[in-house]
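Asker: I'd like to ask you about the structure that follows.
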Amino acid sequence: EPEVTQTPSHQVTQMGQEVILRCVPISNHLYFYWYRQILGQKVEFLVSFYNNEISEKSEIFDDQFSVERPDGSNFTLKIRSTKLEDSAMYFCASSWRGRANEKLFFGSGTQLSVL
Amino acid sequence: QKEVEQNSGPLSVPEGAIASLNCTYSDRGSQSFFWYRQYSGKSPELIMSIYSNGDKEDGRFTAQLNKASQYVSLLIRDSQPSDSATYLCAVDSGTYKYIFGTGTRLKVLA
């Protein structure tokens, strides 16, 4: 079965440093998402992306965050200047048409630790 | 603020019993409802989706939806120790995102 792949699986960084989390969505999917989950808390929506534009973003997704589809396969989340509270598991997801009744396929996640 | 509420548990059931997991949501406009299973440190895995009032069965799993009461449930029949996980309820927000509940931790005791 096709899957969403994320790299790296773990990322440790110092506060204030920039990090880039990478994702390869399923090849025929058109809608891409980032969610995050702080340890012990709920899965939270960050951003959705379609046709090289942000479709929607949450309050969490402030100016420190950006997303990009640099080529035909990768989808990245950049955090410009990491804070301690950015420590979380970050999940990339994709779907074919982005409709409300559609299944999201999640990647295995990147555990980000900010020291 | 659209909310999805779940009892955090843990819900403990003996092996072979029926586990019943519940979820309420605040947005009457929501049309799509999902149950995900999440093992510790892993990504959410879709178990069931339901869009219409009533029951939907898939193997040992039954999802139930009552839009009037804004209530979704998941029944797991013949629970197995391998079903021990956190079960996440997710609801569409009407736009390009889902809202997740905090999840209910299920423990199936051998």
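Line by line, the protein sequences give chains X and S.
Residue 63 in this note's numbering is what sits at position 63 of the first sequence, and the numbering runs on without skipping anything.
Residue 126 in this note's numbering is what sits at position 11 of the second sequence, and the numbering runs on without skipping anything.
Note that the Cβ used here is the ideal one computed from N, Cα and C, for glycine as well.
None of these values were measured; they are calculated from a predicted model.
What span of residues does the beta strand (DSSP E) with residue 145 of chain S cover, start to end?
Answerer: The residue given as residue 145 of chain S occupies position 30 in the second sequence. DSSP places residue 145 of chain S outside any beta strand (DSSP E), giving it a letter other than H or E.
Asker: Let me check one thing: in DSSP terms, what residues is residue 173 of chain S bridge-paired to?
Answerer: Here residue 173 of chain S is taken as the residue at index 58 of the second sequence, counted from 1. Partner(s): S/176.
Asker: With 8 Å set as the bound, which would you pick, yes or no: does the beta-carbon of residue 9 of chain X sit closer than that to a beta-carbon of chain S?
Answerer: Locating residue 9 of chain X in the first sequence gives position 9, counting from the first residue. So no, residue 9 of chain X is outside the interface.
Asker: Cα-Cα, which of S/201, S/206 and S/222 is closest to residue 41 of chain X?
Answerer: Along the first sequence, read from residue 1 onward, the residue named residue 41 of chain X stands at position 41. For the residues S/201, S/206 and S/222, the minimum Cα distance to residue 41 of chain X belongs to S/201.
Asker: Within this structure, are the beta carbons of residue 58 of chain X and residue 46 of chain X separated by less than 8 Å?
Answerer: If you number the first sequence from 1, residue 58 of chain X lands on position 58. If you number the first sequence from 1, residue 46 of chain X lands on position 46. Taking a C-beta distance under 8 Å as the contact criterion, residue 58 of chain X and residue 46 of chain X qualify as a contact pair.
Asker: Let me confirm a value: residue 210 of chain S is counted as buried when at least 16 other C-beta atoms fall within 10 Å, else exposed. Which label applies?
Answerer: Residue 210 of chain S sits at position 95 when you count from the first residue of the second sequence. It counts as exposed.
Asker: Is residue 151 of chain S a contact residue of the ligand MN, with contact defined as CB to any heavy atom under 7 Å?
Answerer: Of ligands this structure carries none, so the ligand MN is not represented either.
Asker: Can you give me the Cβ contacts of residue 56 of chain X inside the same chain, cut-off strictly under 6 Å, excluding the 5 residues immediately before and after it?
Answerer: By 1-based counting over the first sequence, the position of residue 56 of chain X is 56. Apart from the 5 residues on each side of it in sequence, residue 56 of chain X sits with its Cβ closer than 6 Å to the Cβ of 48 in its chain, given in chain order.
Asker: Whose Cβ in chain S lies nearer than 9 Å to the Cβ of residue 31 of chain X?
Answerer: The residue given as residue 31 of chain X occupies position 31 in the first sequence. By Cβ distance, chain S contributes 211.
Asker: From the DSSP output, in three-state form, read off residue 197 of chain S for me.
Answerer: Residue mapping note: residue 197 of chain S aligns to position 82 of the second sequence, counting from 1. Helix.
Asker: Would you mind working out which of X/16, X/3, X/5 and X/1 sits nearest residue 113 of chain X, comparing C-alpha positions?
Answerer: Here residue 113 of chain X refers to the residue found at position 113 when the first sequence is read from its first residue. The residue with the shortest Cα to Cα distance from residue 113 of chain X is X/16.
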